[in-house]
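Residue numbers (our numbering): 50 to 514.
Backbone N, C-alpha and C fix where the C-beta goes; we use that ideal spot for every residue, glycine too.
Taking it in order: structure first as C-alpha cells, then the write-up.
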C-alpha cells in the first residue's frame, strides 16, 4: 500500500512562556524534524522529502516499535543528556552505508515521536491532539532508538524553568483540541525558547583570513519575504573546523557570477552563492532594520529548503499584516525589513469602507502602531473616543492612499486626513501620551486601555495642553 506523503505541522513563536488549561507542554528538541511511515517498508523523511533512514540506519527499530503507523517526531543525537546539534549535523553529511553504520555505533540517534498521523492504514489527523496522543501511546512501543515524548499538562511556565535549568533549549506548547494541519503553521502549536534562533539561507561568504584563509570569514544570511531573499546579517562565529570544511564543500556547485542578495553592506570580496544551503543561527536580538544582533552559527540544516527560511521568524510584528493581504491584488505596501522613522511620524487616514472610520498610526520601533477610531479623532480637551488596536503596519503605509479592491481585507478607499510628526511623552503597556504636530491635529493626546471594551479596546483622549 502506498501512503500519502505528509508535510509536518509547524508552530508559531510565543512571546513568553505561559500556563493554560487544555494545553500540554513538551521539550523542544534541537534536532531534525522527521516523519516516519512504517508498513511493509520503512520510510523516514525530512521536511524536504530527503531520505533519512540511510543516514540513521538504527531507526529501522521502527519496524518493531511502530508497525502500521505514520508518525511525526524529531531525530536527535544526545550527549550527556543534552541534544548535540553539531553531532547530528555530522551524521547528515553524505556518506557510504558502512560509514552510516559506524556513525550509528559512535553517535547513535534517538527518534522522539510526539504525534501520529495514521494508524492501521487510517488517517487520524482530523482527530483532536488529545485523541491522537491516546492512539500514539498504544501504537508506538519505546525501544533503544525510538521513544515517545512525555508532555506535562497546563504548567508551562514551571516546566520551561525546569527545562532551562537542565540546559535544554525550549518548550513546545500544544492545544489538546488542535487538529494536525500538514504543512501549516498554527497558533494552536507554539514554541518558546531560551535563546532566539532562526534558519537562514546562505547566499554568500567573505574570504577568511589567517588560519581561516582556506575557508571563509563570515556567511551572508538571508530570510525570505514571500519569494524575495532579504539580507539578515553576517555570522562568523561558532564554526568547528569540520563545519567549515563541510560548508565549503557544499558551496562549490553554488557559486554565482553576480549579486544574489540585495541590501548587503560592504560587498567587496564577497563570493556570491545561489540558494542551496541553510544554517541554524542563534542570536541575541533583531535590530530595528531587521538584522540579527550577535548571531552565532548553530549547525547546518540539511532538512530545510532555503525558501522555508521565512522573515516571520525574526520579524513577527509583520506577520498579522501580511497574512491578511494578497499583495498581487492590493496596492497597499508589502513592506520590507523594519524601517526606523526619524523624526517620529504619525498619520491619520480616513477609511471609507463598509464601516467608515479613521486610522491613527504612530511610528515606533520600525513599524506603525495602529488604531481604528470609528468616530474620528477628538478635538476638544477632555473629549474621548473609542480606539481599537489593529495589527502593526509597515512604515511605508504612512504615505498610502488608494482603493483596496473588493474581496481584500479592508476593501474601500483610503485617504490621508492628517499627518505630521509627534513627540512621545509616555509609552507604557496601559497608557501612551504624545504631542502631535500635524496640519490639523496639534497638541497632547493620550491613549488609555479600556478593559471593559475587550482586549483591543483603548480610549483616545484630547488632553488639555
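By the three-class DSSP mapping on this structure, what secondary structure does residue i have?
i	result
residue 429	coil
residue 487	strand
residue 368	helix
residue 304	strand
residue 414	coil
residue 235	strand
residue 440	strand
residue 263	coil
residue 203	coil
residue 50	Note that residue 50 scores 49 on pLDDT, short of 50, meaning its location in the model is unreliable and no value can be drawn from it.
residue 269	strand
residue 455	coil
residue 213	helix
residue 448	helix
residue 502	helix
residue 435	strand
residue 277	strand
residue 166	strand
residue 172	strand
residue 514	coil
residue 290	helix
residue 296	helix
residue 63	coil
residue 114	helix
If you measure between the beta carbons of residue i and residue j, is that distance less than 7 Å?
i	j	result
residue 268	residue 284	yes
residue 198	residue 241	no
residue 329	residue 248	yes
residue 107	residue 208	no
residue 124	residue 83	yes
residue 360	residue 272	yes
residue 486	residue 510	no
residue 508	residue 497	yes
residue 462	residue 401	yes
residue 177	residue 75	no
residue 126	residue 161	no
residue 139	residue 348	no
residue 445	residue 355	no
residue 425	residue 449	no
residue 66	residue 216	no
residue 470	residue 392	yes
residue 410	residue 422	no
residue 243	residue 213	yes
residue 93	residue 166	no
residue 61	residue 218	no
residue 399	residue 357	no
residue 81	residue 352	yes
residue 281	residue 364	no
residue 220	residue 373	no
Can you check DSSP and say which residues form a bridge with residue i?
i	result
residue 333	None; residue 333 has no bridge partner.
residue 399	407 and 464
residue 221	75 and 240
residue 342	334
residue 150	In the DSSP output, where bridge partners are listed per residue, residue 150 has none listed.
residue 520	Since the displayed the chain opens at 50 and closes at 514, residue 520 lies outside it and no answer follows.
residue 320	254
residue 348	329
residue 159	125
residue 359	273
Taking the continuous beta strand (DSSP E) assigned at residue i, which residues delimit it?
i	result
residue 127	118–128
residue 254	246–256
residue 227	Taken as a continuous stretch (DSSP letters only), residue 227 belongs to no beta strand (DSSP E), as it is neither H nor E.
residue 109	Neither: residue 109 is in no beta strand (DSSP E) and is coded neither H nor E.
residue 92	91–94
residue 56	Note, residue 56: premise wrong, no beta strand (DSSP E); not H, not E.
residue 86	81–87
residue 374	Careful: residue 374 lies outside any beta strand (DSSP E) and carries neither H nor E.
residue 197	195–197
What are the start and end residues of the alpha helix (DSSP H) that includes residue i?
i	result
residue 180	178–188
residue 140	134–141
For chain D, find out if any of its Cβ atoms is closer than 7 Å to the Cβ of residue i; answer yes or no.
i	result
residue 456	Among the protein chains of the structure shown there is no chain D, as only one such chain exists.
Could you say if the stretch 65–81 and the stretch 312–328 meet the contact criterion of at least three C-beta pairs nearer than 8 Å? no
Any contact between the stretch 81–88 and the stretch 110–126? By contact I mean 3 or more CB pairs, one from each, below 8 Å. The stretch 81–88 is in contact with the stretch 110–126.
With contact counted as at least three CB pairs below 8 Å, one residue from each stretch, are the stretch 314–324 and the stretch 53–60 in contact? Not touching, per the Cβ criterion.
Do the stretch 312–321 and the stretch 93–104 make contact, defined as three or more Cβ pairs closer than 8 Å? no
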